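Report on one structure; see the data block that follows.
Number of protein chains: 2
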Amino acid sequence: MPHDHAKGDHSHASAGDDCPGCATPDLAFASHDHAHCAADVLARAEALAVASGARMTPVRRRVLEILLESHKAMGAYDVLQRLAADGFGNQPPVAYRALEFLVEQGFAHRIRRLNAFAACMHPGEVHAPAFLICKSCDMVAEAPAAAVRAALDAAAAEVGFVVERSNIEALGLCPACRVGA
Amino acid sequence: MPHDHAKGDHSHASAGDDCPGCATPDLAFASHDHAHCAADVLARAEALAVASGARMTPVRRRVLEILLESHKAMGAYDVLQRLAADGFGNQPPVAYRALEFLVEQGFAHRIRRLNAFAACMHPGEVHAPAFLICKSCDMVAEAPAAAVRAALDAAAAEVGFVVERSNIEALGLCPACRVGA
DNA sequence: TTATCTATGTTATATCATAACTGGTCAACC
DNA sequence: GGTTGACCAGTTATGATATAACATAGATAA
């Protein structure tokens, strides 16, 4: 098993078991079959939605698909433009509501540093990611950050503060861009 | 010595040595003589600016004073309103430029989660703070987060990512509000 | 003292986000 | 079948945050 999932090994909706997300936690920065990667994540999200009773409507699905097209974060208005081109509404709330749903369900993440959103590459897995944002190619990866969260909780506990939610984002250079520049 | 400063023990511009910032890293959440606290931080920032050749102009000083009035983060437009009331310009760039200067100098921090700014309570000390944001009283404390940063650097390094800047913010309940609620 | 640099002020606009209301769809229930 | 209630999508309108670009004025350095 490539890595531990907090909920045990997840089951893939698609056939086969060469899930890129399992093979590489730093998926975004690794070269991979992105079509497979995106389809796999989408399928997993769909399955989770069915399981939890959350309604994966056409707009919501389309927004997730759009986010999954690349490992970059997208602004709500960029998403909106794409939606409008596909015949969906073209007013901000359409995009924001779908994005909010995806974030709530854990199918997408909000990257505060960029005022943008990125598809979650590990839907259904309990993960507390740190976001690694490459300033050169704009790609965003989710790094496993259990240790970081633990350190943060400890630092907070030291002053009597109880952490409820946190965002941990790092700006820097991904492996590929570090070599290039 | 209350705690270690990376640059050695700082010297206080004000007399005495009962610097609240030294006594309590979780300054914001501890009850303290805030007038003293603010004056001390301001004096330290002024001294640092002189030392580094950075120009602490009237607007910039005033913005820092405003931020120092409480341990809460303030939006740029709130700051602007205060500036305008004091006879400074009342257009957004006036506030944004002063805030940008303060952040660059390390005299203030940007809290991305709040789209707001808070005075740095440890100017001149090398520190990599995590921000603890109380969702009840809105106060923001800087927790010493060297360990958190180290964990983040390590998690990033594992996938070949080099961290340049990072923001670590936690939302939760401060000691006082935790008791109250 | 002139040239240069930096800071402030202003106008205008870009970008990000949400409130409030309208109408449509679907399932549960009578 | 019709009604109800929940939820979703669409729209209008506005609010909140942030920056580009240019004009003016003050400090610094030659």
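Chains as they are written, first to last, in my numbering: chain L, 311 to 491; chain G, 311 to 491. Glycine is no exception: its CB is placed at the ideal position from the N, C-alpha and C atoms. The model shown is predicted, which means the values in this text are computed figures rather than measured ones.
Between the beta-carbon of L:L374 and that of L:A418 there is about 7 Å, and that keeps the pair under the 8 Å contact cut. Residue state for L:H432 is assigned as coil, using DSSP reduced to three classes.
For L:A465, the chain G residues whose C-beta falls within less than 7 Å of its own C-beta are A440, A453, P454, A455, A457, V458, listed in chain order. Between L:P485 and G:F471, the gap from beta carbon to beta carbon is short of 8 Å.
In this structure, the straight-line span from the alpha carbon of G:P433 to that of G:A456 is close to 16 Å. Assignment of L:A348 by DSSP, reduced to helix, strand and coil, places it in the helix class. For the pair of segments examined, the segment 345–360 of chain G was found not to touch the segment 395–404 of chain G: the number of CB pairs separated by less than 8 Å stays below three. Close to L:E479, with beta-carbon spacing below 7 Å, are these residues of chain G in chain order: S476, N477. Shown here, L:S446 sits in coil according to DSSP, grouped into three states, outside any helix or strand. Sequence-distant Cβ neighbours of G:Y406 in its own chain, meaning closer than 7 Å and more than five residues away, are A386. Here DSSP, grouped into helix, strand and coil, assigns G:E379 to coil.
Of all residues in the segment 379–409 of chain G, none is placed with a Cβ closer than 9 Å to any Cβ belonging to chain L. Using beta-carbon distances, L:G490 does not count as an interface residue toward chain G, since no partner is under 8 Å. Check the Cα spacing between L:D463 and each of G:L481, G:A394, G:Q415, G:L377: the tightest is with G:L481. For L:G399, there is no enclosing beta strand (DSSP E), since its DSSP letter is neither H nor E. For the pair G:R423 and L:R422, the CB atoms are nearer than the 8 Å cut-off. Around the beta-carbon of L:D343, fewer than 16 other beta-carbon atoms lie within 10 Å, marking it exposed.
Going by C-alpha positions, G:C447 is about 7 Å away from G:C487.
In this structure, the beta-carbon distance from L:R370 to L:F411 falls below 8 Å. Residues of the same chain with a CB within less than 6 Å of the CB of L:I376, apart from the 5 flanking positions on each side, are V389, R392 in chain order. Across the structure, L:V458 and G:F398 are spaced so that their CA atoms are roughly 43 Å apart. For G:A480, there is no enclosing alpha helix (DSSP H); the enclosing beta strand (DSSP E) has its first and last residue at 472–483.
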